[in-house]
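The structure under discussion appears below in the form of structure tokens.
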Amino acid sequence: MKYKVLIGILGMDQHEVGSVIIAKMLRDAGFEVIYIGRFNTPSSVLRSAIAEDVDVIGLSCHSWEYLHFVPGLIEQLQKEAADIGLVVGGSVITPKDGQSLLKMGVDAVFGPDSTSDVIIERMTAICSRRGQMD
């Protein structure tokens, strides 16, 4: 089964290189990747994720806007009862913020020291459980 992942950046964060690299890495690993780029809102991310029927939303963060936007996206995912995983990655995520994100309901947090193998393994695990929560 080919897993489908949506990759995007929230808010005014303009740092796109990391998300492009992750998108290519996941494509090379066999994932189908929908790339929505920069300047997204939680609502636009959710609409795209539902329209594309993705297994996981991956957010790239290189500014601290994720602290503002991620809780709203989690709330919208819950309100829609959307069976979509959520991962957050980026160079600015501190260990403390990573733990907070996990407590909020984010499925995985990847920092600058996360290896390709770890990211692919974790993304595969999150995708494979989709639909098994019923």
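Numbering of the sequence shown is given in my numbering, commencing with residue 296 and proceeding in unit increments. Positions of the beta carbon are idealized from the N, C-alpha and C atoms, including for glycine. None of these values were measured; they are calculated from a predicted model.
Report the rounded CA-to-CA distance for residue i versus residue j, giving the unit in angstroms.
| i | j | result |
| --- | --- | --- |
| D378 | S358 | 27 Å |
| D429 | E360 | A caution first: D429 carries a pLDDT of 39, below 50, which makes its placement in the model unreliable, though a value can still be read off. Taking the straight line joining both Cα atoms gives about 32 Å. |
| M418 | S409 | 12 Å |
| D348 | V328 | 11 Å |
| G325 | E416 | 12 Å |
| L368 | S338 | 7 Å |
| I304 | K374 | 21 Å |
| L372 | K398 | 15 Å |
| I331 | R424 | 24 Å |
Below 8 Å on the Cβ atoms is my guess for residue i versus residue j; work out the distance and round it to an integer in Å.
| i | j | result |
| --- | --- | --- |
| G400 | I388 | That belief does not hold up - the Cβ atoms of G400 and I388 are roughly 16 Å apart, past 8 Å. |
| D422 | G384 | As written in the sequence, residue 422 is Cys, which differs from the Asp given in the question. Their Cβ separation, rounded to whole angstroms, is 15 Å, which puts C422 and G384 out of contact at 8 Å. |
With DSSP as the reference, please indicate the residues paired to residue i in a beta bridge.
| i | result |
| --- | --- |
| E327 | K299 |
| A403 | V382 |
Starting from residue i, trace the beta strand (DSSP E) both ways and give me its first and last residue.
| i | result |
| --- | --- |
| S355 | V351 to S355 |
Using 8 Å as the limit for Cβ to Cβ distance, is residue i near chain C?
| i | result |
| --- | --- |
| S314 | The chain inventory of the structure shown lacks chain C, comprising one protein chain alone. |
Starting from residue i, follow the alpha helix (DSSP H) in both directions and report where the run begins and ends.
| i | result |
| --- | --- |
| V387 | From DSSP, V387 is part of no alpha helix (DSSP H); its letter is neither H nor E. |
| H310 | Premise fails: H310 is in no alpha helix (DSSP H) and is neither H nor E. |
| T419 | S411 to S423 |
| S358 | Segment: none, S358 is in no alpha helix (DSSP H) and carries neither H nor E. |
>> Three Cβ pairs or more, each shorter than 8 Å: is that satisfied between the region 361-375 and the region 312-320?
In response: Under the 8 Å Cβ criterion, the region 361-375 does not count as touching the region 312-320, having fewer than three qualifying pairs.
>> Whether or not the region 343-354 and the region 300-314 are in contact is what I'm after, with contact meaning three or more pairs of Cβ atoms, one per stretch, closer than 8 Å; do they touch?
In response: Taking 8 Å as the limit for Cβ pairs, the verdict is that the region 343-354 does touch the region 300-314.
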